[in-house]
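In full-length UniProt numbering, the protein residues as written are 1 to 141.
Ideal Cβ positions, reconstructed from N, Cα and C, are used throughout, including at glycine.
Here's the structure we're looking at; comments come further down.
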Amino acid sequence: MLRRGPGAKFMPNSLVFPGGVLDESDLRFPREKTDFAEGEVCGERSPIRLGLDDDLALRVCAIRELFEEGGLLPVVEGDKPFLANAEGDVHLAEWRRKIMAEPESFVQLFHNRFRMNVSSLIPWSNWLTPLASRSVPRQET
Numbered sequence: 001m002l003r004r005g006p007g008a009k010f011m012p013n014s015l016v017f018p019g020g021v022l023d024e025s026d027l028r029f030p031r032e033k034t035d036f037a038e039g040e041v042c043g044e045r046s047p048i049r050l051g052l053d054d055d056l057a058l059r060v061c062a063i064r065e066l067f068e069e070g071g072l073l074p075v076v077e078g079d080k081p082f083l084a085n086a087e088g089d090v091h092l093a094e095w096r097r098k099i100m101a102e103p104e105s106f107v108q109l110f111h112n113r114f115r116m117n118v119s120s121l122i123p124w125s126n127w128l129t130p131l132a133s134r135s136v137p138r139q140e141t
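Structure, rendered in structure tokens:
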């Protein structure tokens, strides 16, 4: 869980699971910039696809939102998985600011040996905030 910043539009200063909106660029994210392998079980408990046509896009979105909101970025460099952290890394912090302003630029962060570790995500649960009023947006994670 992360604490949202005081300037957040939705639930400022609250402890939340990172999440957000599926961006159009998440749907077009190149598979080769990830460790995604069709139908393969990657990691200990992370079956890829789960019967969802957009499984890759959902994972890209989740990792992009984790990076935007928490500065954490699960990656694979060569064959070594690790969790990059924008805190204390000026270059990565700069990328984080850029991606928050332009989500479609996220793809530029990855290259042939530095790939997104989508298999690091473990499908766990699906939550939808209760309907409070029509003026308050509902969030699904």
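Whole-Å CB distance - residue i paired with residue j, under 8 Å assumed
| i | j | result |
| --- | --- | --- |
| residue 175 | L2 | Here the chain comprises residues numbered 1 to 141, so residue 175 is not present and cannot be evaluated. |
| P30 | V107 | 7 Å |
Any non-hydrogen atom of the ligand FAD closer than 7 Å to residue i Cβ
| i | result |
| --- | --- |
| L56 | As presented, the structure is devoid of all ligands, the ligand FAD included, so that no description of it is given. |
With 16 other Cβ atoms within 10 Å as the buried cut-off, status of residue i
| i | result |
| --- | --- |
| S119 | buried |
| E65 | buried |
| P6 | exposed |
| L73 | buried |
| G39 | Here G39 scores only 45 on pLDDT, less than 50, and its place in the model should not be relied on; the value that follows carries that caveat. The residue in question, G39, is exposed, as its Cβ has fewer than 16 Cβ neighbours within 10 Å. |
Alpha carbon of residue i to alpha carbon of residue j, nearest angstrom
| i | j | result |
| --- | --- | --- |
| E104 | D26 | 8 Å |
| F17 | D54 | 21 Å |
| S141 | G20 | The residue asked about is misnamed: residue 141 is Thr in this sequence, not Ser. In a straight line, the C-alpha of T141 is about 8 Å away from that of G20. |
| M11 | H111 | 35 Å |
| L15 | G71 | 15 Å |
| R97 | F67 | 10 Å |
| G88 | I99 | 17 Å |
| R28 | Q139 | 23 Å |
| K9 | N126 | 22 Å |
| D79 | R134 | 47 Å |
| R4 | D23 | 20 Å |
| L121 | V75 | 11 Å |
| V41 | N13 | Low confidence applies to V41: its pLDDT is 45, below 50, so where it sits in the model is not reliable, and the reading given next is rough at best. If I take the Cα positions, the gap works out to 37 Å. |
Chain D within 8 Å of residue i, Cβ atoms only
| i | result |
| --- | --- |
| V118 | No chain D is part of this structure, which consists of one protein chain only. |
Given residue i as reference, the closest of the options once Cα atoms are compared
| i | options | result |
| --- | --- | --- |
| P123 | A62, R138 and P6 | A62 |
| E77 | L109, K9, R4 and R28 | L109 |
Three Cβ pairs or more, each shorter than 8 Å: is that satisfied between the region 56-66 and the region 81-96?
no
For the region 16-35 against the region 110-127, do three or more pairs of beta-carbon atoms, one drawn from each stretch, fall closer than 8 Å, so that the two count as touching?
yes
Cβ contact check for the region 123-136 and the region 75-85: 3 or more pairs under 8 Å:
no
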